[in-house]
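Protein chains: 2
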Amino acid sequence: MEPARLFLGLLCASAALAASSLHQRAPPPEPLLLEEEPELGESPSGSLWPLPRSLRILPRQLQLAPARFELVHGPGSTAGPGCALLQDAFRRYYEYIFGYSKWQNQGQRQLPAGTELLQLQVIIGSKDSECDNYPNITSNEAYQLSVTEPVAVLKAEKVWGALRGLETFSQLVYEDDYGSFLINESEITDYPRFAHRGILLDTSRHFLPLKSILTNLDAMAFNKFNVLHWHIVDDHSFPYQSITFPELSGKGSYTYDHIYTPTDVRLVVDYARLRGIRVIPEFDSPGHTQSWGKGQKDLLTPCFNGEHQSGSYGPVNPILNTTYHFMTDLFKEISSVFPDAYIHLGGDEVDFTCWKSNPDVTEFMMQQGFGIDYAKLESYYIQKILDIVSSAHKGYIVWQEVFDKGVKLKPDTIVEVWIGSWYTVELSRVTGAGFTTILAAPWYLDYISYGQDWKKYYSVEPLNFIGSEKQKKLMIGGEACLWGEFVDATNLTPRLWPRASAVGERLWSSENVTNIKDAYNRLVKHRCRMLRRGIAAEPLFVGYCDHEARGL
Amino acid sequence: MEPARLFLGLLCASAALAASSLHQRAPPPEPLLLEEEPELGESPSGSLWPLPRSLRILPRQLQLAPARFELVHGPGSTAGPGCALLQDAFRRYYEYIFGYSKWQNQGQRQLPAGTELLQLQVIIGSKDSECDNYPNITSNEAYQLSVTEPVAVLKAEKVWGALRGLETFSQLVYEDDYGSFLINESEITDYPRFAHRGILLDTSRHFLPLKSILTNLDAMAFNKFNVLHWHIVDDHSFPYQSITFPELSGKGSYTYDHIYTPTDVRLVVDYARLRGIRVIPEFDSPGHTQSWGKGQKDLLTPCFNGEHQSGSYGPVNPILNTTYHFMTDLFKEISSVFPDAYIHLGGDEVDFTCWKSNPDVTEFMMQQGFGIDYAKLESYYIQKILDIVSSAHKGYIVWQEVFDKGVKLKPDTIVEVWIGSWYTVELSRVTGAGFTTILAAPWYLDYISYGQDWKKYYSVEPLNFIGSEKQKKLMIGGEACLWGEFVDATNLTPRLWPRASAVGERLWSSENVTNIKDAYNRLVKHRCRMLRRGIAAEPLFVGYCDHEARGL
Chain A
519 MEPARLFLGL
529 LCASAALAAS
539 SLHQRAPPPE
549 PLLLEEEPEL
559 GESPSGSLWP
569 LPRSLRILPR
579 QLQLAPARFE
589 LVHGPGSTAG
599 PGCALLQDAF
609 RRYYEYIFGY
619 SKWQNQGQRQ
629 LPAGTELLQL
639 QVIIGSKDSE
649 CDNYPNITSN
659 EAYQLSVTEP
669 VAVLKAEKVW
679 GALRGLETFS
689 QLVYEDDYGS
699 FLINESEITD
709 YPRFAHRGIL
719 LDTSRHFLPL
729 KSILTNLDAM
739 AFNKFNVLHW
749 HIVDDHSFPY
759 QSITFPELSG
769 KGSYTYDHIY
779 TPTDVRLVVD
789 YARLRGIRVI
799 PEFDSPGHTQ
809 SWGKGQKDLL
819 TPCFNGEHQS
829 GSYGPVNPIL
839 NTTYHFMTDL
849 FKEISSVFPD
859 AYIHLGGDEV
869 DFTCWKSNPD
879 VTEFMMQQGF
889 GIDYAKLESY
899 YIQKILDIVS
909 SAHKGYIVWQ
919 EVFDKGVKLK
929 PDTIVEVWIG
939 SWYTVELSRV
949 TGAGFTTILA
959 APWYLDYISY
969 GQDWKKYYSV
979 EPLNFIGSEK
989 QKKLMIGGEA
999 CLWGEFVDAT
1009 NLTPRLWPRA
1019 SAVGERLWSS
1029 ENVTNIKDAY
1039 NRLVKHRCRM
1049 LRRGIAAEPL
1059 FVGYCDHEAR
1069 GL
Chain B
519 MEPARLFLGL
529 LCASAALAAS
539 SLHQRAPPPE
549 PLLLEEEPEL
559 GESPSGSLWP
569 LPRSLRILPR
579 QLQLAPARFE
589 LVHGPGSTAG
599 PGCALLQDAF
609 RRYYEYIFGY
619 SKWQNQGQRQ
629 LPAGTELLQL
639 QVIIGSKDSE
649 CDNYPNITSN
659 EAYQLSVTEP
669 VAVLKAEKVW
679 GALRGLETFS
689 QLVYEDDYGS
699 FLINESEITD
709 YPRFAHRGIL
719 LDTSRHFLPL
729 KSILTNLDAM
739 AFNKFNVLHW
749 HIVDDHSFPY
759 QSITFPELSG
769 KGSYTYDHIY
779 TPTDVRLVVD
789 YARLRGIRVI
799 PEFDSPGHTQ
809 SWGKGQKDLL
819 TPCFNGEHQS
829 GSYGPVNPIL
839 NTTYHFMTDL
849 FKEISSVFPD
859 AYIHLGGDEV
869 DFTCWKSNPD
879 VTEFMMQQGF
889 GIDYAKLESY
899 YIQKILDIVS
909 SAHKGYIVWQ
919 EVFDKGVKLK
929 PDTIVEVWIG
939 SWYTVELSRV
949 TGAGFTTILA
959 APWYLDYISY
969 GQDWKKYYSV
979 EPLNFIGSEK
989 QKKLMIGGEA
999 CLWGEFVDAT
1009 NLTPRLWPRA
1019 SAVGERLWSS
1029 ENVTNIKDAY
1039 NRLVKHRCRM
1049 LRRGIAAEPL
1059 FVGYCDHEAR
1069 GL
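Those protein sequences? They're chains A and B, same order as listed. Throughout the first sequence, residue numbering follows this note's numbering, covering 519 to 1070 in sequence. Throughout the second sequence, residue numbering follows this note's numbering, covering 519 to 1070 in sequence.
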């Protein structure tokens, strides 16, 4: 009675259920994918994920002895022991490579001459290694990795490329049946296809404990993601603890326990930086702000029921000067707390019902000459917010509606395309207007379904829209979004990984890396590696890992 | 850009994706449920789950002082300190009630006279408390609970009812804002609607570490489930370590690490017993046995390609005497290792292709007068297996195909209905033929979908089939099945709970307990309670728990 063979039966079952259900409208039948069990084989690229741009793996195997092998700064590197970012990465990757073996004391014996890999030398070429910087949209993540006896050399202009190369190096090492650590001689040249490779986490619908966020940052690094889009506040709760406006979280968070203090935020940002990951916070307005209103008087629009206030509130009140004073102070703080050059300003899904009910808003509309076109009022508001954020010397990302409604945007604005229908048309329009864009629409990972849906995410081709070469260049990446309606710390990790890994390879590897069978063979191993490194990534299909999750 | 508001857009997105996808057939569009955010309120029944059959909660509150409160054997009880099962349960429930408070040192002060609950007295009424027994299909799980100052009394005929009552008592206790533990005076009379309330776990497609199984047994007890249907072996792996045939797991398990030793099995059975849970193992044949063939020569049918063996194998070979000798010895062992009176024998989904290809099978068919009706051969095989298991003095459960094919069954056979289409018709047929039945079809929890699918499971009415009163009595329960194709220790718990809780209440509570809104209010609290007790149950919808999962 396995589900895979029985999807047809289940379709009928839903119909039967509808007939026998007395208490609610039956849901539509679920179209289950009939899953052929894939044949697991060996990829010529081993367990590498995402696949490097250029890769040559030679047959010659070298052995690594845990007690002797070193990750070191190579000759001529502009980064040395003073570069804490690399020092931390060396220790981390030593642990990832050797730390999980069951046979840690093996391989201490002297090896035959000429068969041992003694070192990985990391050489940063650029005068400014950027060791103490934060990564940004233009960060150079390219690297070259050459594994030959007796030392491997990892060359990169900047530390960001070194981080990506360390991950790749760690993925090249494998254990044989005797517990020896082996690596094949290899030559790799690698760099990302897209500059913006993000994961969206939502900490408003459900609070995510710090540990969940940090664990996810680890997993992101294993998959060469470089942006955490932190959808930190929304209607349901305001966990961001503001120094300027402490009442926002004081009254707007779920409880006193469900808060990110300034220390927490700092920790996330620093932990991310050490992994070459940017943290872009989203403070979405004027909609999605119910929780803001709890701690900030007069921020939201009072809704009216005829002539009287109804007691409920709508979007941010766009007609008061106090609103803009508040926003100026808040975004000034946010701009300093989050070092990234971009802030996500949201701007999606504004419901006009409340504005329409409010007589003061109506009067303001008349004064401004907006008539009854509330989209003009929305644009008026957003324009002011964009100006505020510009004054704070930040760039911004907005959801596509802001572009669609004709708000005047700075040329360096990034428009995030999320509406599922006809997103390729939207990509054409946005880039046709000369704006940079990132794609989220096909990668809403909170939508779950039975079976191997990673293939669906994997098969998206982001440049498959109509446009000139110049337009294609404006498409700079994408994001896998895990909205939080049904996700919290209990299920976040297995729901996100390895499904997001499919998006990770799509955004990093070459356009022609599309072989699903080869991807499956590599991803199965990559998933087991994530598990070994403490990420509770769920299985792709039947099978096992040598090291199963134990502590769950 | 929340998913809930955008399901229509997503439907269209799938179409757009199909057009742009080059590498695989696009999946059918996903019909997403438009989810209204439910209003969370207080149920008059607090956080009780499943709802007791009869319940009176009075306004008067009593306080419990952790340092003084005791769970004790009451006067006249036939169970005393010698009853390890109850002793263990007392300690467990003390911990569940008080162990998670952040303010453990509160409430030590003397309370005003007449406001404190000092004890829960547990009184077993029957001469045989069944303290040292294993639970079985006829076990009496009824109890009465009376909470009045200064002592609460829990009366049950047998320990099984006491276990259920302890769970209910623990669910009545709540903490106020000052960290005090309170309980309302209450009167409860309770007993299950159905005798068989099961969870199916599959340890063949993926191995489940022992800890996962034990954690699940805890969760089952919190939801008053009483059967673990352990689908222990199948095509993919044979983790059961047989004493008689050690090669079955020696060659048929994934690795030496992916095995349940006799000690492991004993531990599961005992852990379950202490929680009033039966363990029914499933050894499915003649199909679903590929892994068996690895360690047992000549057990499976060799398939032919024309005149030559193809090298692959089909179902169990039903024409050899050695097959039945092997099965006799194996089921003899199984019958002694698993104390329950029932074994699940499977019998589903037998593919005839290989049998048809084999000339020896063809000849046997002719000798037996089966012609070309391979269903007769299947029945011949299953009949012999049933006889073998009967000789080992065990009852059996079979999947519905065994009944459908007219195999002669002992009158006490339980037929499990799993095929989704028209399962109500099947229930009529099975019970019409006088057989006991359990229902799994609408509760395949491995089928996931976006949103609150617990409502779908909750709204099933198991007796909603055409049949006499006598037939209805033959429907003795059901099972929530979590097949393992896409489930292992990384995602088992959040995928199963609280979705299975919906099935739990359906099988325990009265037929008229169908109010979805009230269920939601209770289940949200019940889910947070499971979380507090170490079960990573996923959220039902937006919101929070006072104690979030931290260690994930």
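Using N, Cα and C, we set each Cβ at its ideal position, and we do this for glycine too.
Cut-off 8 angstroms between Cβ atoms - residues of its own chain near residue i, not counting five sequence neighbours on either side
{"i": "residue 928/A", "result": "904, 908, 913, 914"}
{"i": "residue 871/A", "result": "821, 832"}
{"i": "residue 964/A", "result": "999, 1000, 1001, 1002, 1003, 1004, 1005, 1013"}
{"i": "residue 932/A", "result": "714, 860, 913, 914, 915, 916, 953, 954, 955, 956, 994"}
{"i": "residue 826/A", "result": "none"}
Minimum C-alpha distance to residue i - residue among the options
{"i": "residue 699/B", "options": "690/B, 705/B, 848/B, 854/B", "result": "690/B"}
{"i": "residue 864/B", "options": "1046/B, 842/B, 794/B, 935/B", "result": "935/B"}
{"i": "residue 958/A", "options": "990/A, 1000/A, 970/A", "result": "1000/A"}
{"i": "residue 641/B", "options": "762/B, 660/B, 765/B", "result": "660/B"}
{"i": "residue 638/B", "options": "1031/B, 772/B, 681/B, 573/B", "result": "681/B"}
{"i": "residue 669/B", "options": "678/B, 806/B, 590/B", "result": "590/B"}
{"i": "residue 911/B", "options": "573/B, 654/B, 741/B, 854/B", "result": "854/B"}
{"i": "residue 923/B", "options": "738/B, 830/B, 988/B, 900/B", "result": "900/B"}
{"i": "residue 789/A", "options": "1025/A, 733/A, 719/A", "result": "733/A"}
{"i": "residue 867/A", "options": "816/A, 919/A, 561/A", "result": "919/A"}
{"i": "residue 738/B", "options": "1060/B, 884/B, 1051/B, 560/B", "result": "1051/B"}
{"i": "residue 1031/B", "options": "572/B, 688/B, 612/B", "result": "572/B"}
{"i": "residue 692/B", "options": "615/B, 759/B, 951/B", "result": "615/B"}
Proximal residues to residue i (C-beta, below 6 angstroms), its chain only, five neighbours per side dropped
{"i": "residue 606/B", "result": "792"}
{"i": "residue 548/B", "result": "The pLDDT assigned to residue 548/B is 40, lower than 50, so where the model puts this residue is not dependable; a value taken from the coordinates is nonetheless given after this. Taken in chain order, the list of residues that qualify is empty."}
{"i": "residue 1066/B", "result": "none"}
{"i": "residue 1010/B", "result": "730"}
{"i": "residue 652/B", "result": "791, 857"}
{"i": "residue 542/A", "result": "Low per-residue confidence applies at residue 542/A: pLDDT is 28, beneath 50, and the placement is therefore not dependable enough to give any value."}
{"i": "residue 1128/B", "result": "Since the first residue shown for chain B is 519 and the last is 1070, residue 1128/B is missing from the structure and cannot be characterised."}
{"i": "residue 649/B", "result": "597, 601, 603, 677"}
Residues that DSSP places opposite residue i in a beta bridge
{"i": "residue 748/B", "result": "719/B, 799/B"}
{"i": "residue 670/A", "result": "638/A, 665/A"}
{"i": "residue 732/A", "result": "Residue 732/A pairs with nothing; no bridge assigned."}
{"i": "residue 861/A", "result": "914/A"}
{"i": "residue 993/A", "result": "955/A"}
{"i": "residue 707/B", "result": "572/B, 662/B"}
Proximity of residue i and residue j at Cβ, strictly below 8 angstroms
{"i": "residue 1071/B", "j": "residue 895/B", "result": "The structure shown does not extend to residue 1071/B, since chain B is modelled only from 519 to 1070, so the question has no answer here."}
{"i": "residue 647/B", "j": "residue 713/B", "result": "no"}
{"i": "residue 888/B", "j": "residue 837/B", "result": "no"}
{"i": "residue 809/B", "j": "residue 756/B", "result": "yes"}
{"i": "residue 1016/B", "j": "residue 1041/B", "result": "yes"}
{"i": "residue 735/A", "j": "residue 677/A", "result": "no"}
{"i": "residue 1039/B", "j": "residue 560/B", "result": "yes"}
{"i": "residue 705/A", "j": "residue 760/A", "result": "no"}
Nonlocal neighbours in the same chain, by C-beta distance under 7 angstroms from residue i, ignoring five residues either side
{"i": "residue 938/A", "result": "959"}
{"i": "residue 608/A", "result": "589"}
(Q) Using a Cβ-Cβ cutoff of 8 angstroms, what residues of the segment 714-727 of chain B are near chain A? List them in chain order. (A) 723, 724, 725, 727
**Q.** Positions along the segment 982-1011 of chain B whose CB lies within less than 9 angstroms of some CB in chain A
**A.** 982, 983, 999, 1001, 1002, 1003, 1004, 1005, 1006, 1007, 1008, 1009, 1010, 1011
Q | Members of the segment 958-979 of chain A near chain B, C-beta cut-off 9 angstroms | A | 958, 959, 960, 962, 964, 965, 966, 967, 968, 969, 970, 971, 973, 974, 976, 977, 978, 979
(Q) By the 8 angstroms beta-carbon criterion, what residues does the segment 761-793 of chain B contribute toward chain A? (A) 772, 773, 775, 776
Q) Listed in chain order, which residues of the segment 878-907 of chain A have Cβ atoms closer than 7 angstroms to some Cβ of chain B? A) none
Q: Closer than 7 angstroms, Cβ to Cβ, to anything on chain B: give me those residues from the segment 821-855 of chain A, in chain order.
A: none
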